[in-house]
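Colleague:
Numbering (the numbering used here), first residue to last: 230 to 601.
1) Should the region 486-504 be regarded as contacting the region 284-291, the criterion being three or more beta carbon pairs within less than 8 Å?
2) Can you list, in chain order, the residues of its chain whose CB lies under 6 Å from that of residue 500, leaving out five sequence neighbours each side?
3) Can you tell me whether residue 348 is buried or exposed? The criterion is at least 16 other CB atoms within 10 Å of its CB, across all chains shown.
4) Cα separation between residue 430 and residue 525?
5) Under 7 Å Cβ to Cβ from residue 436, same chain only, skipping five residues before and after it: list those, please.
6) Per DSSP, residue 359 forms a beta bridge with which residues?
7) Give me the Cα-Cα distance between residue 568 and residue 542, rounded to the nearest whole angstrom.
8) Taking the beta carbon of residue 222 as the centre, do at least 16 other beta carbons fall within 10 Å, making it buried, or is it exposed?
9) What are the boundary residues of the beta strand (DSSP E) that includes residue 410?
10) Skipping 5 residues on each side, what residues in its chain have a beta carbon closer than 7 Å to that of residue 564?
11) Helix, strand or coil, according to DSSP, for residue 456 in the structure here?
12) Which residue comes first and which comes last in the alpha helix (DSSP H) that contains residue 286?
13) Do residue 452 and residue 464 have their beta-carbon atoms positioned less than 8 Å apart in this structure?
14) Can you tell which of 428, 256, 265 and 270 has its C-alpha closest to the C-alpha of residue 418?
15) Assuming residue 303 and residue 319 are in contact, meaning their beta carbons sit under 8 Å apart, how far apart are those beta carbons, in whole angstroms?
16) Exposed or buried, residue 423, counting other C-beta atoms within 10 Å across all chains shown (16 or more means buried)?
17) Taking residue 302 as part of the beta strand (DSSP E), name the residues at either end of that continuous run.
18) Mind pulling the alpha helix (DSSP H) runs of 4 or more residues that sit fully within the region 462-506?
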């Protein structure tokens, strides 16, 4: 695949990416975002977060004249436990559901844009908070599909052995200070204990493309373990996300596993109620009926308009034809009247024919009418 085709493919993904849309919709809710942060950061680091004062900031980072950068989520929260310091931490979250080797460079671009924006503000006054920034790339892809760069040198040479001649520069190269966390890597035990109800969302996002019957059953069990209202809301969000994704499990797959694993459930307790599929079928039938009625109505209106148009055009043609015939009739009558007067005045027949452009036959007919 050429570079141009790869760029076009990435552009299509960015144009409509249900994975990023779902990520932003869900994790802009503080409850789920806190579970995500608890999973991504170590217990010691998370213990410093004042999550009660967490703020989700606008994700637009101004890059320069006429341009902007837009990451998925920016989180700001103060930190505990720093002696004689007040520190506000900004976490720049960028979600990736597909292979993108430049993801870390993209995160660092966000980092630079944020630093530039802050450098334009007035100087920090005594007692004002210090500000830290951590760019975080969250992956939902296989390790083999992603090769995160660690620094400029390893990014340039990839997995190849670094030339010995460059060993002297290794300690002096700037480090790519970006946290890369693959949501597929944490053990299930750690996922369920740390992330709470967010774990269900993370698990679906991470396993969407490799879901089997056992994984679907586990998700159903976890959602049904929540309070009824939260379980219904979360289940609906997940089903909409699965249906919007280009591949992977769909709503019908969850319904199939639910009925196979738990055949004795009451219908109202089903993960995907029958009412949903009934409404879906009714909607399809309604669309088909609407198309048929619309087609029939269109034909009727077309015939009516066609008939009306035909009548109008017929009247118009009739008037034109009538005018032509009337004009022709009037001209003939005028010639006959003129010939009659000229003959009565004794004008020779040859001169009458020449002057009025009549044939001898036409003049004989006029003379016959005069005798009668």
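Quick reminder that beta carbons are idealized off the backbone N, C-alpha and C, glycines included. Predicted model, so just to flag it, every value in this text is computed and none were measured.
Modeller: Looking at the coordinates:
1) no
2) 449, 483 and 487
3) exposed
4) 47 Å
5) 444
6) 316
7) 39 Å
8) Only positions 230 to 601 of the chain appear in this structure, which leaves residue 222 out of reach.
9) 408-411
10) 585 and 587
11) coil
12) Note, residue 286: premise wrong, no alpha helix (DSSP H); beta strand (DSSP E) at 284-286.
13) yes
14) 428
15) 6 Å
16) buried
17) 302-307
18) 480-490
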